[in-house]
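Colleague: Chains S and B, in that order, are what the protein sequence lines are. Residue numbers for the first sequence follow the working numbering, beginning at 1 and rising by one. Residue numbers for the second sequence follow the working numbering, beginning at 1001 and rising by one. Ideal placement from N, C-alpha and C gives every residue a C-beta, glycine not left out. Please read all numbers here as calculations on a predicted model, not as lab measurements. What follows is a single structure, and I will ask about it in a moment.
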Amino acid sequence: MTKNLVIAAALSLALTGGAMAADLPSTITFGSSMQLTGQDANLGRYYRDAYQLVIEQINKAGGVKIGGKSIPITLKLVDNQSDNNLAVRQYVGLVTQDKVDFLLGPYASGTTIPVSSVSEKYQIPMVEGGGASPQIFARGYKYIFGLLPPADDYFASTLTMLGQLQPKAHTVALVTADDAFDVSVAKGTKKLLAAAGMEIVLTQTYAAKTTDFSSIMAQIKAKTPDIVLWGGLEPEVLNAIRQAKSLDVNPKLLMSFTVGVPAADFRKALGNDANDAFGMTAWLPSPALKDTWFGDAEKFAAAYKAKYGYDPDYHGAAGAVAVETLVKAIEKAGSLEKSKVRDAIAASDFDSLYAHVKFNAGGQVVIPQIVIQIQNGQVTPIFTDKFIGKPVFPVPAWSKRG
Amino acid sequence: MNGRWFALAAAVALLAGVPWFGNAVLIQFGINALLIAVLAQSWNILGGFAGYVSFGNSVFYGLGSYGVAIAMAQWNLPFWVGLIFAATIAVAFAALLGWPILRLRGPYFAIVTLGISAAMSALASNLDIAGKNVGLILPLTRNDTLFYEASLVLLAAATLTVAWIARSRFGMALIAIREDEDAAASVGVNATRFKIAALAMAAFFTAIAGGIHAYWITYIDPAGSFDTTLDVRMVIMTMFGGPGTVLGPVVGALVLSAIYEVLADSISKAAALFFGIVILVAVIFLPRGLVDLGGGFRVLRWRYFLTNIRQYRI
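As structure tokens, then:
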């Protein structure tokens, strides 16, 4: 009895390697494994939508231009169900079976780290807009390129802005969650604060998904720092602001948060209490960001909303420009040869709907965060490397707000 | 008997040859499927033979992952030294853990095992040497054949160990504990000691599987290493194949992995749902596992399924 079953098991193993896709020379194929179901599906869909929209737009304009020919792009997108092991297998499948020409990244650092090993093993360039962890780029890999700015620098533009404002900020409370991303934020911010000559009077790390911040708030109240810098996830930031209000915790100048502030849900959840909060975003759909295929970022955002019914945020913009980076590099290299395209990506230097794309030695873009503030329920851009809006500063105490 | 051995040898040879005639995707799938089969087979030692259902074996997998990752990423030691280190800490942890919790019986034991992995995950995310919540990066190796064959050798070793257990005094003692622990004790079986030995064996193989996986995927973090869904999967796969048998967990793990892969490829959105249906059907029609089907079906034909349903009053 056992022999039949063993053979059956071996056969079922063999069967799974079956499906093959034809590699047509008349089209260039980009492959990606994305979280379309499972716990990360919400954000995974942003990237799928962005990939599809931009490829449609590029094909409408004739496709990729190599040596006087225009070749359309095909997207081969598979669902990894938010499972890292499956994502690794799918990328190997995209490379070896579907024989895709180039790779687009998945969502999130946790998945990007293992799958970047696949692009490195097979020496096929992968451009991703979903993982910001410095660990992706610290390994000396040559075939992975990332479009999200490094976590270390999130507060850089905020601190530059504070240097140009009166009254000057001297004392800081730095509060961060203990997840991988925010640990990097804390590490980088400490360096930035030392360089700016500010004194850290309170450093607090809390367990990710914490909901009760009353003891942290009590400590902030006791130290009364000039500014509070907060690195965490959106629900944590929401609770922090609610509790700061109910416990009447007021830093002298401002509170700034790594996430949440640009999101519409955030403003809806907090109502008037969201006002005056400082935050940051890597991207705003501004007409100043010129783009080869869409014209500018504002037109991209409009096309995106028309097609999918919701506004894109920086995830979608980064995903779209991951595709553009590959196309620009192929056109510049004038070939589909992997190593030539890889070198062309590394030398990227162009304006896009997302940002000016230029990679550092590790393969990650360097984009300054735009400082934003909620004013009268609206996201107001304040500062890039210069002021582009007028801040409400210093932020009034809770008791003095309307 | 000879025929069966021949078939087994042929199956092993076929599996061993996959890196030469199979494609890269099959090798990737093979590594995952063989490693989860090792977990199922290890779980089978205590769960299948002694009847102690553990929902905490993923802790050994996590310890193995971290053992190898710490040895390689933090101390720059070679892979094989990492594996020895990983196996040592996992076995030591099993012995330490087994002493108090294996005095508990039945559901009490199962409940205690539930929290272990989460606790260890919290510990790892606070230790500097384990990279805290950020995790650890291992060096990249371009040798998937090595990982595949290492996984296969490990599975063969685990299966041979279980084959030995099935016909040894040790195995008899475990079965005696499963059938009636008090009676076993009354004829001189030191139940706690046997159960700890069984858990330590499971820890050994599970940890090495975790170590191989860590080096292969080149990145570990607390959530991915102390993955409690593994606990459920190893139990389901063992039950599906046939608990307390030598080949059941292996067949169960490989067949279920293959079914899952096909479902994930063809109907990704509903894959989890259909997978659930497969398990449900298996529980109703094959309560003693897939390996029981061959013999039972030959004797009873289609009545085999009916008999199962009646016997277990489903």
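(1) How many angstroms separate the CA atom of G271 of chain S from the CA atom of Y304 of chain S?
(2) Answer yes or no: does any C-beta atom of chain B fall closer than 7 Å to that of D179 of chain S?
(3) Please list, in chain order, the chain S residues whose beta carbon lies closer than 7 Å to that of V1025 of chain B.
(4) Assuming L1034 of chain B contacts L1152 of chain B under a Cβ cut-off of 8 Å, what Cβ separation, rounded to an integer in Å, is found between them?
(5) Any C-beta of chain S within less than 7 Å: which residues of the segment 1222-1247 of chain B qualify?
(6) When you compare the CB of T1145 of chain B with every CB in chain S, is at least one pair closer than 7 Å?
(7) So, for A61 of chain S: in the same chain, excluding its five sequence neighbours on each side, which residues have a beta-carbon less than 8 Å away from its beta-carbon?
(8) Show which residues of chain S have a CB atom less than 7 Å away from the CB atom of Q1028 of chain B.
(9) Determine the contact status of V78 of chain S and S33 of chain S, defining contact as a CB-CB distance below 7 Å.
(10) Could you work out which residue in B:W1020, B:L1140, B:L1104, B:P1107 is closest to P1079 of chain B when comparing CA atoms only?
(11) Any idea if V1134 of chain B is buried or exposed, counting beta-carbon neighbours within 10 angstroms, 16 or more meaning buried?
(12) Measure the C-alpha to C-alpha separation of G295 of chain S and V323 of chain S and round it to an integer number of angstroms.
(13) Between A301 of chain S and S286 of chain S, is the Cβ-Cβ spacing less than 7 Å?
(14) For G1115 of chain B, which of B:A1271, B:G1289, B:F1055 has the nearest alpha-carbon?
(15) Given S339 of chain S, which residues of its chain have a CB within under 6 Å of its CB, disregarding the five upstream and five downstream residues?
(16) For a test of the three-state rule: what should DSSP assign to A397 of chain S, helix, strand or coil?
(17) Residues bridged to D291 of chain S by DSSP?
(18) Report yes if the CB atom of V979 of chain B is closer than 7 Å to the CB atom of L1102 of chain B, and no otherwise.
(19) Taking just the CA atoms, how far does A1202 of chain B sit from A277 of chain S?
(20) Mind pulling the chain B residues with CB within less than 7 Å of V183 of chain S?
(21) Could you tell me which chain B residues have their CB closer than 9 Å to the CB of G105 of chain S, listed as they occur along the chain?
(22) Can you look up M255 of chain S in the DSSP assignment and give me helix, strand or coil?
(23) Using the beta-carbon count (16 or more within 10 Å), is N80 of chain S buried or exposed?
(24) Can you check DSSP and say which residues form a bridge with K69 of chain S?
(25) From S:A151, S:I66, S:Q164, pick the residue whose C-alpha is nearest to that of P391 of chain S; which is it?
(26) For the segment 222-241 of chain S against the segment 196-214 of chain S, do three or more pairs of beta-carbon atoms, one drawn from each stretch, fall closer than 8 Å, so that the two count as touching?
(27) If you draw a straight line from the alpha carbon of G1211 of chain B to that of I1137 of chain B, how long is it in whole angstroms?
(28) Check each residue of the segment 110-140 of chain S: if its Cβ is closer than 7 Å to any Cβ of chain B, include it; give the result in chain order.
(29) Rounded C-beta distance between V64 of chain S and I330 of chain S? I'm assuming under 8 Å.
(30) Rounded to whole angstroms, how far is the Cβ of A151 of chain S from the Cβ of S133 of chain S, which I believe are closer than 8 Å?
(31) Residues of the segment 62-87 of chain S with a CB closer than 7 Å to any CB of chain B: list them in chain order, please.
(32) Is it right to say P1100 of chain B is buried, meaning 16 or more other beta carbons lie within 10 angstroms of its own, or is it exposed?
(33) Strictly under 7 Å for the Cβ-Cβ distance: is T1218 of chain B near chain S by that measure?
(34) When you compare only the Cα positions, how much space is there between A169 of chain S and K221 of chain S?
(35) Starting from I1137 of chain B, find everything on chain S with Cβ-Cβ shorter than 9 Å and list it in chain order.
(36) Roughly how many angstroms lie between the CA atoms of L1199 of chain B and A1095 of chain B, to the nearest whole one?
Modeller: Reading it off the structure:
(1) 27 Å
(2) The Cβ of D179 of chain S sits closer than 7 Å to at least one Cβ of chain B.
(3) Near V1025 of chain B (Cβ distances below 7 Å), the residues of chain S are G17, R89, V92, G93, T96, Q97.
(4) 6 Å
(5) Those would be G1224, L1247, in chain order.
(6) no
(7) W293
(8) V88, R89, V92
(9) Taking 7 Å as the Cβ cut-off, V78 of chain S and S33 of chain S qualify as a contacting pair.
(10) The identity of residue 1079 of chain B in the sequence shown is Phe, whereas the question assumes Pro. Minimum Cα distance to F1079 of chain B is reached at B:L1140.
(11) buried
(12) 16 Å
(13) no
(14) B:F1055
(15) none
(16) Residue state, collapsed to three classes: coil.
(17) S:G295
(18) Residue 979 of chain B cannot be examined here, being either before or after the span of chain B that is shown, 1001 to 1314.
(19) Going from the Cα of A277 of chain S to the Cα of A1202 of chain B covers about 53 Å.
(20) K1132, N1133, V1134
(21) Chain B residues near G105 of chain S: none, gap ~15 Å exceeds 9 Å.
(22) Here M255 of chain S sits in strand by DSSP.
(23) buried
(24) S:I66
(25) S:Q164
(26) The segment 196-214 of chain S and the segment 222-241 of chain S touch, with three or more beta-carbon pairs separated by less than 8 Å.
(27) 13 Å
(28) G110, I113, P114, S117, E120, K121, Q135, R139
(29) 5 Å
(30) Contact holds; Cβ gap of about 7 Å.
(31) Here the close residues are D79, Q81, N84, N85, L86.
(32) exposed
(33) yes
(34) 17 Å
(35) Within chain S, the residues near I1137 of chain B are I113, Q135, A138, R139.
(36) 8 Å
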